[in-house]
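>
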């Protein structure tokens, strides 16, 4: 019997690292980890029997056989230094993720600048409903159909997000790959949009020679990257050219409906429980993958009809008294545009107050004007201070840059609110019937949405007495 290995994960509270930790733990390995701060995810890992230390120090890796890190962990992290000094094996989380899914017959990797999380969760939902019993991790930003960010099945299918940041997706060897779109992001690593495209070309080369790539025809960069790729390509989209497309699309309610057209044949009507055109597009990618694995249209229809979405993707935290609070992970102009358009189409009578926390100084500096353009779809905009994550501040770069961009466009109802902690009480006291507060960002801005929703719920209870 093989000796259990002790894996120590630096930054274990992260979305992907916590998923890897859960899979290793389920496989019977010894798993510990460390993180900078307490979080719901850290507390949940402890409840599952995984030891997590807060703060990074040499002692945390004393008994480890393998230390797992991400590209965001600095080389001078004390646990990294200790592991090197002790001769402990160091492995990047993305590489370990690839090793964990390699044994599966069908390895599905969902790539793209936007839409990875929802598409991954939709694929998982369809395959579960069809009885393929997939393993999926990380899954759906803590998908609502899955209480954790991992699903461990007994089938021969593994599903994962393929993150392009730092070239992480190059550690995967998928049999089926999805590319939802390609946009200008992670320019601190790739340098230019051409560099991003080249990164995706290298990812395509990682796909099995006899594998399949599901690509969005409507995205010119995806078409360019897949041209002459030497693999089977299945195209999806809203235009007339792709193999699989949506026709007669109606996104005027929170439950979009469309007819599924495959090479000229209408296969049936698809109804979603998540709003907006982007969810229609993501669902087409998921359907294409399901068809590659032999799933029939009835299972697709039933699974998508009951799919409840994923955490932090247009997640409704409060909906009562004619006011709504919605939390969304959107942190790129394209994502913000799609989220606000979804809100407009599904809830066209609402007065939309967008609360946006920029994520990363480098991204804010590069895309401030694009952020302003996207946010101008709201009725009111509040921009907080930047969530720095792994970065140091850049002089002259703040949320005010975005507010200035809005005002240059004649959008007067925008303000900079550097202290987000004041916003829940301010908004609770100023909201009127018909208002929707849409909280946007990839940092810690969810706390604003949660506190505001809690305050409104408590007020509703008290007023109902």
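Numbering (this note's numbering), first residue to last: 669 to 1133. The beta carbon of each residue, even a glycine, is placed where N, CA and C say it ideally should be.
(1) To the nearest angstrom, how far is the alpha carbon of residue 856 from that of residue 1034?
(2) To test your reading of the DSSP string, which unbroken beta strand (DSSP E) runs of 3 or more residues are found completely within the stretch 710-769?
(3) Could you give the distance in angstroms between the alpha-carbon of residue 901 and the alpha-carbon of residue 881?
(4) Excluding five sequence neighbours on each side, which residues of the same chain lie with their C-beta closer than 6 Å to the C-beta of residue 1117?
(5) Is the CB-CB distance between residue 741 and residue 676 below 8 Å?
(6) CB-CB under 8 Å to residue 1029, same chain, minus the five flanking residues each way: which ones, in chain order?
(7) What is the DSSP secondary structure of residue 983, reduced to helix, strand or coil?
(8) Below 8 Å on the Cβ atoms is my guess for residue 722 versus residue 701; work out the distance and round it to an integer in Å.
(9) Below 6 Å CB to CB, which residues in the same chain sit around residue 682 once its five sequence neighbours on both sides are set aside?
(10) Quick check on this structure: which residue in 1043, 1127, 961, 980 has the alpha carbon closest to the alpha carbon of residue 988?
(11) Over the uninterrupted beta strand (DSSP E) stretch that includes residue 947, give me the two end residues.
(12) For my contact list, residue 935 and residue 905 are in at a C-beta cut-off of 8 Å; report their separation, rounded to the angstrom.
(13) Please list the terminal residues of the continuous beta strand (DSSP E) segment that includes residue 1049.
(14) Since residue 847 and residue 884 should fall inside the 8 Å C-beta cutoff, what is the C-beta to C-beta distance between them, to a whole number of angstroms?
(15) In its own chain, which residues sit with a C-beta less than 7 Å from the C-beta of residue 968, not counting the 5 before and 5 after it?
(16) Please report the distance separating the alpha-carbon of residue 1105 from that of residue 941.
(17) Determine the extent of the beta strand (DSSP E) in which residue 927 is found, giving its start and end residues.
(18) From what residue to what residue does the beta strand (DSSP E) around residue 828 run?
(19) In chain order, which alpha helix (DSSP H) runs of at least 4 residues are fully inside the stretch 983-1012?
(20) Pull up the DSSP beta-bridge partners for residue 1104, would you.
(21) Out of curiosity, what's the CA-to-CA distance linking residue 825 and residue 887?
(22) Exposed or buried, residue 918, counting other C-beta atoms within 10 Å across all chains shown (16 or more means buried)?
(23) Starting from residue 904, follow its DSSP beta bridges and name the residues at the other end.
(24) Rank 1125, 928, 797 by C-alpha distance to the C-alpha of residue 991 and give the top, closest one.
(25) Let me know the secondary structure DSSP gives residue 1035 once reduced to three states.
(26) Is there contact between the stretch 797-809 and the stretch 833-841, where contact requires at least three CB pairs shorter than 8 Å?
(27) Do residue 928 and residue 909 count as a contact pair if the criterion is CB distance below 8 Å?
(28) If residue 1077 and residue 1042 are in contact, beta carbons under 8 Å, what's the gap, nearest whole angstrom?
(29) If the criterion is Cβ atoms closer than 8 Å, does the pair residue 982 and residue 924 meet it?
(30) Can you tell me the Cα-Cα spacing of residue 711 and residue 1123, whole angstroms?
(31) Excluding the 5 residues preceding and the 5 following residue 803 in the sequence, name in chain order all residues of the same chain whose CB lies nearer than 6 Å to its CB.
(32) Name the DSSP bridge partner or partners of residue 803?
(33) Going by alpha carbons, who is nearest to residue 770 out of 1014, 844, 999?
(34) Return the Cβ separation of residue 786 and residue 950 in integer angstroms, given the expectation that the two are a contact with Cβ distance under 8 Å.
(35) Taking residue 701 as part of the beta strand (DSSP E), name the residues at either end of that continuous run.
(36) Closer than 8 Å by C-beta to residue 870: which residues in its own chain qualify, once you throw out the five before and the five after it? Chain order, please.
According to the structure data:
(1) In the chain shown, the residue the question calls residue 856 occupies position 188. In the chain shown, the residue the question calls residue 1034 occupies position 366. Approximately 10 Å, taken between the alpha carbons.
(2) 719-722, 734-737, 757-760
(3) Here residue 901 refers to the residue found at position 233 when the chain shown is read from its first residue. Here residue 881 refers to the residue found at position 213 when the chain shown is read from its first residue. Approximately 5 Å between the Cα atoms of the pair.
(4) Taking the chain shown and counting its residues from 1, the one referred to as residue 1117 is at position 449. So the list reads 985, 993, 995, 1107, once near-sequence residues are dropped.
(5) What you label residue 741 is simply residue 73 of the chain shown in a count that begins at 1. What you label residue 676 is simply residue 8 of the chain shown in a count that begins at 1. No, these two residues do not count as a Cβ contact at 8 Å.
(6) Position 361 of the chain shown, counting from 1, holds the residue named residue 1029. Here the set comprises 1054, 1056, 1059, 1060, 1061, 1062, 1065.
(7) Reading the chain shown from its first residue, position 315 is the one you call residue 983. Residue state, collapsed to three classes: strand.
(8) As a working mapping, residue 722 is identified with position 54 in the chain shown. As a working mapping, residue 701 is identified with position 33 in the chain shown. Going by Cβ atoms, the distance from residue 722 to residue 701 rounds to 10 Å, so no, they are not a contact pair.
(9) Looking up residue 682 in the chain shown gives position 14. None.
(10) By one-based count along the chain shown, residue 988 stands at place 320. Looking at the Cα atoms, 1127 is the closest of the given residues.
(11) Reading the chain shown from its first residue, position 279 is the one you call residue 947. From DSSP, residue 947 is part of no beta strand (DSSP E) but of the alpha helix (DSSP H) over 945-960.
(12) As a first step, residue 935 must be located in the chain shown, where it is residue number 267. As a first step, residue 905 must be located in the chain shown, where it is residue number 237. Not confirmed; about 16 Å, so no contact.
(13) Numbered from its first residue, the chain shown carries residue 1049 at position 381. 1048-1051 is the span of the beta strand (DSSP E), which, as asked, contains residue 1049.
(14) Residue numbering aside, residue 847 sits at position 179 when the chain shown is read from its first letter. Residue numbering aside, residue 884 sits at position 216 when the chain shown is read from its first letter. So it is a contact: roughly 7 Å between Cβ atoms.
(15) Locating residue 968 in the chain shown gives position 300, where the first residue counts as 1. Correct list, in chain order: 794, 955, 958.
(16) In the chain shown, the residue the question calls residue 1105 occupies position 437. In the chain shown, the residue the question calls residue 941 occupies position 273. If you take the alpha carbons of residue 1105 and residue 941, they lie about 20 Å apart.
(17) Residue numbering aside, residue 927 sits at position 259 when the chain shown is read from its first letter. 925-930 is the extent of the beta strand (DSSP E) around residue 927.
(18) For this step, residue 828 is matched to residue 160 along the chain shown. It spans 825-829 - the beta strand (DSSP E) in which residue 828 sits, taken as one unbroken run.
(19) none
(20) Counting from 1 along the chain shown, the entry for residue 1104 is found at position 436. 992, 1020, per the DSSP bridge assignment.
(21) For this step, residue 825 is matched to residue 157 along the chain shown. For this step, residue 887 is matched to residue 219 along the chain shown. Residue 825 and residue 887: Cα-Cα distance of roughly 27 Å.
(22) By one-based count along the chain shown, residue 918 stands at place 250. Exposed.
(23) As a first step, residue 904 must be located in the chain shown, where it is residue number 236. Note: residue 904 sits in a beta bridge opposite 884, 912.
(24) Counting from 1 along the chain shown, the entry for residue 991 is found at position 323. The residue with the shortest Cα to Cα distance from residue 991 is 1125.
(25) Along the chain shown, one-based indexing puts residue 1035 at 367. Residue 1035 falls in the helix class under three-state DSSP.
(26) no
(27) As a first step, residue 909 is located in the chain shown; it is residue number 241 there, counting from the start. As a first step, residue 928 is located in the chain shown; it is residue number 260 there, counting from the start. No; because the gap between Cβ atoms is not below 8 Å, this pair is not in contact.
(28) Counted from its first residue, the chain shown places residue 1077 at position 409. Counted from its first residue, the chain shown places residue 1042 at position 374. That pair is no contact at about 11 Å.
(29) Along the chain shown, read from residue 1 onward, the residue named residue 982 stands at position 314. Along the chain shown, read from residue 1 onward, the residue named residue 924 stands at position 256. No, the pair does not count as a contact, with Cβ atoms beyond the cut-off.
(30) Within the chain shown, the letter at position 43 stands for residue 711. Within the chain shown, the letter at position 455 stands for residue 1123. Rounded to whole angstroms, residue 711 to residue 1123 spans 24 Å at the Cα level.
(31) The residue given as residue 803 occupies position 135 in the chain shown. Cβ within range, chain order: 820, 821, 826.
(32) Residue mapping note: residue 803 aligns to position 135 of the chain shown, counting from 1. DSSP, once it has assigned bridges, lists 826 as partnering residue 803.
(33) Within the chain shown, residue 770 is the residue found at index 102, counting from 1. Taking only the C-alpha atoms, the option nearest residue 770 is 844.
(34) Locating residue 786 in the chain shown gives position 118, counting from the first residue. Locating residue 950 in the chain shown gives position 282, counting from the first residue. Yes, residue 786 and residue 950 are in contact; Cβ-Cβ is about 5 Å, under 8 Å.
(35) Mapped onto the chain shown, residue 701 falls at position 33. Where residue 701 is concerned, the enclosing beta strand (DSSP E) stretches over 698-703.
(36) In the chain shown, residue 870 corresponds to position 202, counting from 1. Same-chain partners within the cutoff: 835, 838.
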